[in-house]
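Participant:
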Amino acid sequence: MRRSISAQIATPTLTLTINGSPISVAQGTSVAAALLQAGVAARTSVSGEPRNPLCAMGVCMECCATVNGVKHVRTCQVTAHPGMEVVTE
Amino acid sequence: MTCIDVVVIGAGPAGMAAAVAAAQYGVDVCLIDDNAKCGGQIWRGHQDQSVEHPREDRFAQLQRALERSGVELRSRTRVVALPAPGLLRIETETAYEDIRYRRLILATGARERFLPFSGWTLQGVMGAGGLQAMVKAGLPIDGKRVVLSGSGPLLLAVAANLANRGARVLGIFEQARFAQIAKFGLQLLGYPGKLREGAAFRAATRSAPYRTGSWVVRTHGDHSLQSVTISVNGIARTIQCDYLGCGFHLVPNLELPRLLQCEIQSGYVCVNEIQETSVKGIYCAGEPTGVGGLEKALCEGEIAGLVCAGQSASHLIEQRNRYLRFSRQLDRTFTPRPELDQLSAPDTFVCRCEDVTRGTLDSMRSWREAKLHSRCGMGPCQGRICGPATEFLFGWNSEHPRPPVFPARVSTLASLVETNIAES
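Line order of the protein sequences matches chains B and G. Position one of the first sequence corresponds to residue 1 (the working numbering), numbered consecutively onward. Position one of the second sequence corresponds to residue 90 (the working numbering), numbered consecutively onward.
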């Protein structure tokens with residue numbers, strides 16, 4: 001059977017917090033990917049819908065969240081670091 | 090403030106090629122990019138991969154050349170405004186700055202065209218390129234069920250990439266008609282490199298059906314995606330999946346060229362033989378002059394870089410014209426069909442920033458009216474997503490953008506007012 005790339009490489013992990021809850025992700029993971037992995041919406045839309053990234057390249061602004069106290073950060077453009085505190089908007 | 094000979098905006102293939110080409114002739118070059126790493130979207134995540142044959146890898150070659158070139162690289166930096174002619178206001182995570190240029194090369198790339206459909210805001214639904222970018226940024230995809238829909242060669246590229254990473258690609262649904270795709274396939278015979286690339290993508294996704302005349306009608310799921318309904322040549326079928334990647338070919342990023350008053354025709358920046366725009370001293374390379382992919386971007390970037398360093402680029406012009414013709418063929422093949430207008434219901438959000446529905450917009454007569462009365466296009470993406478959608482749905486042309494072209498900090502904007510007063 002063909003083995004996938006991701007199955008072959010055991011990447012070291014790191015832990016960040018999303019709305020206070022710790023989550024472990026592979027090193028090099030973007031904050032947007034960590035949010036999606038955790039099943040947490042990055043932001044709530046003006047009419048109350050949960051949203052996650054659409055473009056994943058810094059254009060759509062759907063992934064904006066508060067990172068280490070800085071508001072409206074495009075989380076798809078930021079790599080997760082150990083101990084990083086992410087609060088959804 | 091020192092004046093930089095050549096400022097390049099965008100560090101994708103076009104911008105990297107431009108910067109390297111100019112710097113080798115000793116001119117000062119500054120390369121500005123929004124991302125943390127060079128490579129643009131096409132080489133996103135490429136920086137972290139170990140490359141089998143670095144000498145043959147074009148990204149590795151360019152990256153090495155860039156490191157040796159003395160180009161000043163400013164990553165995580167965005168141009169937000171133009172305080173005065175020849176002056177750019179740039180913003181980083183913590184600060185802002187003005188830089189002055191003699192010549193400017195715009196290599197701002199492209200983004201996916203998104204068309205609204207019922208349930209496109211559900212968690213698990215992304216652009217096709219968006220899904221690939223997320224996977225490159227660490228989203229686990231091994232064993233996940235993926236459906237790709239929309240239009241353009243990017244769908245095949247994404248399918249191949251995700252399949253190689255262990256995803257189960259359940260189908261690739263292309264909106265263009267079979268006849269269009271067949272014609273395009275014949276034209277590809279004139280571009281053997283592209284043909285080989287396409288064949289390799291298809292080989293990597295042999296088990297996934299590729300259907301033309303097909304599109305996503307709606308998604309299903311309460312909190313996250315559970316399934317999608319696809320129309321395949323008019324027959325609806327529902328597929329259970331974890332992710333849907335949906336994008337309708339690409340649209341160029343024209344905010345900066347527009348702000349700089351560069352002439353735009355049929356959705357692309359007008360350039361002459363040496364990539365110069367209608368504004369003297371401002372050049373443009375890559376997707377903004379015609380969505381044509383990697384080779385076109387590299388070639389145009391090199392031309393612009395050479396010309397800005399006072400060198401001849403005549404040896405590259407024939408090649409560039411060939412890639413330009415290819416880009417026009419891409420556009421003709423992958424233009425969204427009028428029927429796709431029916432995918433959004435009255436309650437479907439068209440503007441995702443401000444949650445403006447199709448029903449609300451149906452009563453509007455222009456982009457301006459929609460902005461003023463519904464706030465469509467007034468949110469943080471500034472119409473980057475809904476602009477191309479409303480252009481398709483209603484034929485509206487987005488108006489001339491106003492600075493700041495990206496949301497900026499108050500401190501950046503406040504001092505902009507001071508600069509304007511000082512310059513006037």
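Glycine included, C-beta positions come from ideal geometry on N, C-alpha and C.
Quick check: is any heavy atom of the ligand MN less than 8 Å from the C-beta of B:L54?
Facilitator: In terms of ligand content, the structure shown is empty, and the ligand MN therefore cannot be addressed.
Participant: When the distance is taken between beta carbons, is G:A222 closer than 9 Å to G:S238?
Facilitator: Numbered from 1 along the second sequence, position 149 holds the residue referred to as residue 238 of chain G. Numbered from 1 along the second sequence, position 133 holds the residue referred to as residue 222 of chain G. Cβ distance not < 9 Å, so G:S238 and G:A222 don't count as in contact.
Participant: Against B:L36, what residues of chain G qualify as contacts under a CB-to-CB distance less than 7 Å, listed in chain order?
Facilitator: Looking up residue 36 of chain B in the first sequence gives position 36. Chain G residues near B:L36: M223 and L228.
Participant: Let's see if you can read the secondary structure: which residues bound the beta strand (DSSP E) around G:L211?
Facilitator: What you label residue 211 of chain G is simply residue 122 of the second sequence in a count that begins at 1. Where G:L211 is concerned, there is no enclosing beta strand (DSSP E), given that its DSSP letter is neither H nor E.
Participant: Identify the contact partners of B:V67 in chain G, using a Cβ-Cβ distance below 7 Å as the criterion.
Facilitator: As a first step, residue 67 of chain B must be located in the first sequence, where it is residue number 67. Residues of chain G passing the Cβ test: none, with the nearest at roughly 10 Å.
Participant: Three Cβ pairs or more, each shorter than 8 Å: is that satisfied between the region 297 to 310 of chain G and the region 250 to 270 of chain G?
Facilitator: The region 297 to 310 of chain G vs the region 250 to 270 of chain G: in contact.
Participant: So which residues of chain B does G:N124 contact, with C-beta pairs closer than 9 Å?
Facilitator: The residue you call residue 124 of chain G lines up with position 35 of the second sequence. Those within 9 Å of G:N124 in chain B are M57, G58 and Q77.
Participant: Which same chain residues end up closer than 6 Å to G:A256 when comparing Cβ atoms and leaving out the 5 residues on each side of it in sequence?
Facilitator: Against the second sequence, residue 256 of chain G aligns to sequence position 167. Counting only Cβ-Cβ distances below 6 Å, and skipping sequence neighbours, we find I230, K233 and V235.
Participant: With DSSP collapsed to three states, give me the class of G:D451.
Facilitator: Here residue 451 of chain G refers to the residue found at position 362 when the second sequence is read from its first residue. If DSSP states are grouped into helix, strand and coil, G:D451 belongs with the helices.
Participant: Hey, G:I194 and G:V116 are a contact pair by Cβ (cut 8 Å); roughly how many whole angstroms apart?
Facilitator: Here residue 194 of chain G refers to the residue found at position 105 of the second sequence. Here residue 116 of chain G refers to the residue found at position 27 of the second sequence. About 12 Å; that fails the 8 Å criterion.
Participant: Determine contact between the region 371 to 383 of chain G and the region 412 to 432 of chain G, defined as no fewer than three beta-carbon pairs at a distance below 8 Å.
Facilitator: Judged by Cβ distances under 8 Å, the region 371 to 383 of chain G makes contact with the region 412 to 432 of chain G, as three or more pairs qualify.
Participant: Name, please, each residue of chain G whose Cβ falls closer than 7 Å to the Cβ of B:T29.
Facilitator: Looking up residue 29 of chain B in the first sequence gives position 29. Result: A226 and G227.
Participant: With a Cβ-Cβ cutoff of 9 Å, do G:L348 and G:R491 count as a contact?
Facilitator: Here residue 348 of chain G refers to the residue found at position 259 of the second sequence. Here residue 491 of chain G refers to the residue found at position 402 of the second sequence. Cβ distance < 9 Å, so G:L348 and G:R491 count as in contact.
Participant: Does the separation of the CB atoms of G:V340 and G:P242 fall below 9 Å?
Facilitator: Against the second sequence, residue 340 of chain G aligns to sequence position 251. Against the second sequence, residue 242 of chain G aligns to sequence position 153. No, the Cβ-Cβ distance between G:V340 and G:P242 is not below 9 Å.
Participant: Measuring alpha carbon to alpha carbon, tell me which residue in G:L419, G:E376, G:T308 and G:F438 is nearest G:Q130.
Facilitator: For the purposes of this step, residue 130 of chain G is taken as the residue at position 41 of the second sequence. Ranking G:L419, G:E376, G:T308 and G:F438 by Cα distance to G:Q130 puts G:E376 first.
Participant: Near G:V358, what residues of its chain come up, given a Cβ to Cβ distance below 8 Å and the 5 sequence neighbours on each side ignored?
Facilitator: As a position in the second sequence, residue 358 of chain G is number 269, starting the count at 1. So the qualifying residues of the chain are L195, P341, L343, P346, C351, E352, T366, C373, P377 and T378.
Participant: Would you call G:A199 buried or exposed, if buried means 16 or more other Cβ atoms sit within 10 Å of its Cβ?
Facilitator: Within the second sequence, numbered from 1, the residue matching residue 199 of chain G stands at position 110. Buried: at least 16 other Cβ atoms inside 10 Å.
Participant: At 8 Å on the CB atoms, spell out the chain B contacts of G:E391, in chain order.
Facilitator: For this step, residue 391 of chain G is matched to residue 302 along the second sequence. Within 8 Å Cβ-Cβ: nothing; G:E391 doesn't reach chain B, min ~24 Å.
Participant: Using a Cβ-Cβ cut-off of 9 Å, state whether G:V258 counts as contacting chain B.
Facilitator: As a working note, residue 258 of chain G is residue 169 in the second sequence. Chain B, which has no Cβ nearer than 9 Å to the Cβ of G:V258, makes this no.
Participant: Per DSSP, what kind of secondary structure is G:S367 in: helix, strand or coil?
Facilitator: As a position in the second sequence, residue 367 of chain G is number 278, starting the count at 1. Coil.
Participant: Among G:V224, G:L278, G:I406 and G:F438, which has the Cα closest to the Cα of B:A26?
Facilitator: Here residue 26 of chain B refers to the residue found at position 26 when the first sequence is read from its first residue. Residue G:V224 is the option with its Cα nearest to B:A26.
Participant: Can you tell which of G:R178, G:V160, G:L155 and G:E156 has its C-alpha closest to the C-alpha of G:T166?
Facilitator: Translated into the one-based positions of the second sequence, residue 166 of chain G becomes position 77. Ranking G:R178, G:V160, G:L155 and G:E156 by Cα distance to G:T166 puts G:R178 first.
Participant: Check each candidate in G:V169, G:P205 and G:S240 and name the one with the smallest Cα separation from G:L419.
Facilitator: Working through the second sequence from its first residue, we reach residue 419 of chain G at position 330. The shortest C-alpha separation from G:L419 is found at G:S240.
Participant: My guess is that G:R457 and G:E480 are in contact by the Cβ rule of under 8 Å, so how many angstroms apart are they, rounded?
Facilitator: Taking the second sequence and counting its residues from 1, one reaches residue 457 of chain G at position 368. Taking the second sequence and counting its residues from 1, one reaches residue 480 of chain G at position 391. Contact flag wrong, Cβ pair sits at about 14 Å.
Participant: In chain G, which residues lie with their C-beta within 8 Å of the C-beta of B:V25?
Facilitator: For the purposes of this step, residue 25 of chain B is taken as residue 25 along the first sequence, with counting starting at 1. Ordered by position in chain G, the residues that pass the 8 Å Cβ test against B:V25 are G227.
Participant: Taking the C-alpha atoms as reference points, what is the distance between G:G279 and G:F273?
Facilitator: Reading the second sequence from its first residue, position 190 is the one you call residue 279 of chain G. Reading the second sequence from its first residue, position 184 is the one you call residue 273 of chain G. Between G:G279 and G:F273, the C-alpha separation is close to 10 Å.
Participant: Between the region 392 to 403 of chain G and the region 421 to 429 of chain G, do at least 3 Cβ pairs fall closer than 8 Å?
Facilitator: Verdict: no, contact absent.
Participant: For the alpha helix (DSSP H) containing G:D420, list its first residue and its last residue.
Facilitator: Translated into the one-based positions of the second sequence, residue 420 of chain G becomes position 331. Start and end: S403 to F423.
Participant: In the DSSP assignment, what residue or residues form a beta bridge with G:I179?
Facilitator: Counting from one through the second sequence, the residue named residue 179 of chain G turns up at place 90. For G:I179, which the question treats as bridged, DSSP gives the partners G:V168 and G:E186.
Participant: Relative to the C-alpha of G:V331, which residue among B:P82, B:M61, B:T88 and B:L36 is closest?
Facilitator: Residue 331 of chain G sits at position 242 when you count from the first residue of the second sequence. Before going further, note that residue 331 of chain G is Asp rather than Val in the sequence given. Among B:P82, B:M61, B:T88 and B:L36, the Cα nearest to that of G:D331 is on B:L36.
Participant: Measuring straight from C-alpha to C-alpha, what distance separates G:M467 and G:E443?
Facilitator: What you label residue 467 of chain G is simply residue 378 of the second sequence in a count that begins at 1. What you label residue 443 of chain G is simply residue 354 of the second sequence in a count that begins at 1. In a straight line, the C-alpha of G:M467 is about 7 Å away from that of G:E443.
Participant: Give the residues of chain B in contact with G:C45, contact being defined as C-beta atoms less than 7 Å apart.
Facilitator: Nothing about residue 45 of chain G can be read from this structure; chain G reaches only from 90 to 513.
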